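Numbering that gives the first Met the number 0 numbers the first residue of the sequence shown as 0 and each following residue consecutively.
Written below as structure tokens is the structure these notes are about.
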Amino acid sequence: MKKFMTDKIKNFRQHNHDTCVETALSAAQNICDSQHLKLTPARKRVLEILLESHSALGAYEILDRLSSEGGKAQPPVVYRALEFLVGNGLAHKIEQLNAFVACEHSHKDHNPAFMICKKCKRVAEAEVPNVPSTLRQQAKDTGFVIEQTVIEARGICPACIEPTQ
0 MKKFMTDKIK
10 NFRQHNHDTC
20 VETALSAAQN
30 ICDSQHLKLT
40 PARKRVLEIL
50 LESHSALGAY
60 EILDRLSSEG
70 GKAQPPVVYR
80 ALEFLVGNGL
90 AHKIEQLNAF
100 VACEHSHKDH
110 NPAFMICKKC
120 KRVAEAEVPN
130 VPSTLRQQAK
140 DTGFVIEQTV
150 IEARGICPAC
160 IEPTQ
């Protein structure tokens, strides 16, 4: 079994994956309940698929997974579920990959940064507490108001760097 070197980024280190998924689904349900939102079975299953993966998945990959499970999901069902999940802070769209990942922070208002492995497509989320000062200054100088920043960094994860044993 490979050891992952980073200790703060869950998706790039070993962890109890079943507990990870279960905890995240419970948190998502609590968020929906507190905001009077409905986490329908389709939305919940799409979120569960994202959580099980830890890699960015495209809508059609999710649709294929649902179909292989015997579901009769159509693309609009998946797209509506993803729109709900992203819109309510339970998932993020990774623009570079035109794909989606479950949010690791389970709250709507934060500045995520994504580390995307170009080999295995695994995505890890980190939180950037503040907008970088140079960007903030340039925005201020031009009169632009930053509402949210998202950073997407491509590289190679520890598992893909380590030689195969």
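Quick reminder that beta carbons are idealized off the backbone N, C-alpha and C, glycines included.
Just so you know, these numbers come straight off a predicted model, no measurement behind them.
- Message: Within 10 Å of its beta-carbon, does CYS116 have 16 or more other beta-carbons around it, so buried, or fewer, so exposed?
- Response: buried
- 4-residue-minimum alpha helix (DSSP H) runs that sit fully inside the region 53-116, ordered along the chain: 58-67, 74-86
- Query: According to DSSP, what are the bridge partners of ARG42?
  - Reply: Note: ARG42 sits in no beta bridge, so no partner.
- Could you give the distance in angstroms between the alpha-carbon of CYS159 and the alpha-carbon of LEU56? 19 Å
- For ILE155, the first and last residue of its enclosing alpha helix (DSSP H): That residue, ILE155, is in no alpha helix (DSSP H); it is neither H nor E in DSSP.
- Query: GLU124 lies in the beta strand (DSSP E); which residues open and close that run?
  - Reply: 122-126
- Message: For a quick check, are the C-beta atoms of HIS236 and PRO75 less than 7 Å apart?
- Response: The displayed coordinates of the chain run from 0 to 164. Any statement about residue 236 would go beyond what the structure contains.
- Item | Inter-stretch contact (C-beta, 8 Å, three-pair minimum) for the region 67-81 and the region 136-148 | no
- Task: Look up ILE145 in the DSSP assignment and say whether it is helix, strand or coil.
- Result: coil
- Query: Going by other Cβ atoms of all chains shown within 10 Å of its Cβ, with 16 needed for buried, is VAL122 buried or exposed?
  - Reply: buried
- Task: For SER67, count neighbouring Cβ atoms within 10 angstroms of its own Cβ and tell me buried if that reaches 16, exposed if not.
- Result: exposed
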